[in-house]
Amino acid sequence: MTTKSCAEATIELLSKYGIKTIFGIPGVHTLDFCRALTDDTDVPNKMRHVQARNEQGAAFMAEGWARATGGVGVALVISGPGVTNASTALGQCYADSLPMLLISAEPVSTSLGKGQGVLHEITQQKKVTEPLTAFSETVTTPSDVPVLLARAFTIFRSKRPRPVHISIPIDIQAQAVSTDWEPSKIVPPREVSEEDLLKAVSLISESKKAVIVLGGGACDSGDEILELVDRLGVIVLTTTAGKGVIDDNHPLTISGGTVRAEARKYLSKADLIIAIGTELAETDNYVGKYQINGKIIRLDIDEKKINDHYPATVGLLGDAKETVKKLNKKLKGLIKPRQREKAEIEVAKITKSIEHSLSQTEARHKKFLKVLREISPPETIFSTDACQLSYTGVFGFHVPKARKWLHPVGFCALGNALPNAIGAKVALPQIPVTVLVGDGGFMFSMPEILSAREQNLSIPIIIWENGGYKQIQDDMKAVGVDRVGVDGMNPDFIKLAGSCYCDAVYANSQDVFTHSFKKALVAKRPTIILIKEEDDWLN
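In this note's numbering, the protein residues as written are 61 to 599.
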């Protein structure tokens, strides 16, 4: 056993929790951490560090790691501006229940709260991130670190995952640690009660027109939920976060159905809603409260969600995978073939209705997305930004598994798509990763294309150019507001890519797009593929 600094011991403990990569930008307040970090992928006794161009990008990369893997993404930033820059990603991870850890520096501990004007000072730094995290704490002694990390990983792995922020002042980072810290044993999630399971079985057995709604909390339960769906023969609506929990092409699934009025109308007529791992939040449907007239079974790991806006008739508190597995055992022998037949017919009718009600812009999106789906490997991860193309993709693009459609739902920030994709690709280097981003959103985090280039990442970056912030343009028109601040100038994206040592192409035809996309999947650098919404091939 050798003596090390608190900062080095922190990185070592993170590695024992299974963390392999940290995203960040080093600064004068994080130098002690840097002793334990390396830019290389495989250096003994050091953790890989991936450099970002902005702390927001670093935190978005950690978010992308969490979205794509379900595991903990970690970012390391300086105090003050590093924390405030990273806070947008914290908010997004909080809204979308993602396990992200932000480690930051803080000024020397004797200065905290005194307003002495020291470098990077925020008089109460943890107060900045408290509303965006499960908890935000400042370390006061090295021995706090293993306690706080144990608390964080318990939240990440056995409760509803939320981001966590831990600040370590620079003088405490440098303090010597002479003991080896070990990870804490994580207590498994609470198991659902037998009584509640039996109540749920009774409601399911009595139902004539049930609907299952799947959210992000169901992402690791696909096999179990597929068994439940096939047994009950009921329609499945997925939220954005629940896309792919079971294959979007399953005949009973309406992918992203919660965003479509046609599917929500069917939901309003159901006599039973089985909501698994979803808040049933307004950001899942874009309109506000659901019209729910039937009884509700809510399955969630978060007890506060069982009886919030939609009080449960029966609440199943526990991990989705294990709870659905137990529910399937209780339902063994229950099969409703006639209900399935009717449900499949209804899905076909709803899907057809959605197709017939597309706007002209959505029809262009669908034309493009159909081509993209046909030429993309089925395992591809699509990292999307808040833009009209991805809004259509929520219901108009099918994925076969969960964690293949990464989209900012709750917080709905801009600029996440590219850094999210970097985090996903670093985490899963053998899996194809593609960016779908609007021209406006791309500019929020454009410099991170250099971070992707430095890592030699094969990422097609599909920029949908439609003349600025098109969604807000449309919103202004709808309410009679003259356009203001939504028609900004774009750079020459092709030249921009070249100046960043990346490839680029303007895809002015389907053939050009297909060729350039396939080439981009294997290039050892990012490729910008520019799509212009008004081009003829999208008619």
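By construction, the Cβ of each residue, glycine as well, lies at the ideal position given by its N, Cα and C atoms.
Query raised in the report: Using the beta-carbon count (16 or more within 10 Å), is N526 buried or exposed?
Result: buried
Report task. Kindly list the residues whose CB is nearer than 6 angstroms to the CB of G500, restricted to its own chain and excluding five residues on each side of it in sequence; keep chain order. Result -> G528 and Y529
Query raised in the report: Can you tell which of F428, L376 and R400 has the C-alpha that lies nearest to the C-alpha of K592?
Result: F428
Requested in this report: Give the straight-line distance between the Cα atoms of Q235 and S65, rounded to the nearest whole angstrom.
Outcome: 5 angstroms
Report task. Could you tell me if I182 is buried or exposed, where buried requires 16 or more neighbouring beta carbons within 10 angstroms of its beta carbon? Result -> buried
**Report entry** Continuous beta strand (DSSP E) stretch holding P229: start and end
**Finding:** V224 to P229
Query raised in the report: Going along the chain, which unbroken runs of the beta strand (DSSP E) with 3 or more residues stay wholly within the region 100 to 175?
Result: 107 to 111, 133 to 137 and 160 to 166
Requested in this report: Measure how close the beta-carbons of L359 and A380 come, nearest whole angstrom, since I'm counting them as under 8 angstroms.
Outcome: 6 angstroms
Report task. Kindly identify the DSSP beta-bridge partner or partners of L488. Result -> None; L488 has no bridge partner.
Requested in this report: Round the Cβ separation of F455 and S315 to the nearest angstrom and send it over; I've been treating them as touching at under 8 angstroms.
Outcome: 6 angstroms
Query raised in the report: Exposed or buried, which one is R320 when buried takes at least 16 other CB atoms within 10 Å?
Result: buried
Query - Alpha-carbon spacing of F502 relative to A96, whole angstroms - result: 33 angstroms
Requested in this report: Taking 8 angstroms as the threshold, find out whether the region 542 to 556 comes into contact with the region 400 to 414 through three or more Cβ pairs.
Outcome: no
Query raised in the report: CB-CB under 7 angstroms to N568, same chain, minus the five flanking residues each way: which ones, in chain order?
Result: D595
**Report entry** Residue from L91, R424 and V188 whose Cα sits closest to the Cα of N599
**Finding:** R424
Report task. Check whether the Cβ atoms of S139 and E166 sit closer than 8 angstroms, and answer yes or no. Result -> yes
Query raised in the report: Leaving out the 5 sequence neighbours to the left and right, which residues in its chain are closer than 6 angstroms to A557 when beta-carbon positions are compared?
Result: A564 and I588
Query raised in the report: Taking the alpha-carbon positions, what's the K392 to R291 distance?
Result: 8 angstroms
**Report entry** Under the three-state DSSP convention, the category I554 falls into
**Finding:** helix
Report task. Could you spell out where the alpha helix (DSSP H) holding A538 opens and where it closes? Result -> K530 to A538
Query raised in the report: The beta strand (DSSP E) with S443 in it runs from where to where?
Result: I441 to T444
Query raised in the report: Is it right to say R398 is buried, meaning 16 or more other beta carbons lie within 10 angstroms of its own, or is it exposed?
Result: exposed
Requested in this report: Assess, as a yes-or-no matter, whether the region 449 to 467 is touched by the region 297 to 305 under the definition of 3 or more beta carbon pairs within less than 8 angstroms.
Outcome: yes
Requested in this report: Would you kindly report the start and end of the unbroken beta strand (DSSP E) that includes K592?
Outcome: T587 to K592
**Report entry** E251 versus L258: straight-line alpha-carbon distance, rounded
**Finding:** 14 angstroms
Query raised in the report: Shortest alpha-carbon distance to K364 belongs to which of G375, E123, E415 and C562?
Result: G375
Report task. Pick helix, strand or coil for W524, following the three-state DSSP scheme. Result -> strand
Report task. With a 10 Å radius around its C-beta and 16 neighbouring C-beta atoms as the bar for buried, classify A112 as buried or exposed. Result -> buried
Query raised in the report: Below 8 angstroms between beta carbons: does that hold for K349 and H369?
Result: yes
Report task. Give every residue of the same chain whose Cβ lies closer than 8 angstroms to the Cβ of S75, excluding the five residues on either side of it in the sequence, and list them in chain order. Result -> M107
Query raised in the report: For T438, is the classification buried or exposed, using 16 other Cβ atoms within 10 angstroms of its Cβ as the cut-off for buried?
Result: Going by the sequence as given, residue 438 is Pro instead of Thr. Burial call: exposed.
Query raised in the report: Opposite G84 in the DSSP bridges: which residues?
Result: Q111 and L136
Report task. Determine, using beta carbons only, whether G124 and I482 come nearer to each other than 8 angstroms. Result -> yes
Requested in this report: Starting from the N-terminal side, write out each stretch of the alpha helix (DSSP H) that is 4 residues or longer and does not extend beyond the region 232 to 309.
Outcome: 254 to 266 and 282 to 292
**Report entry** Terminal residues of the beta strand (DSSP E) in which L496 lies
**Finding:** V493 to G498
Query - Where the alpha helix (DSSP H) containing A321 begins and where it ends - result: A321 to S328
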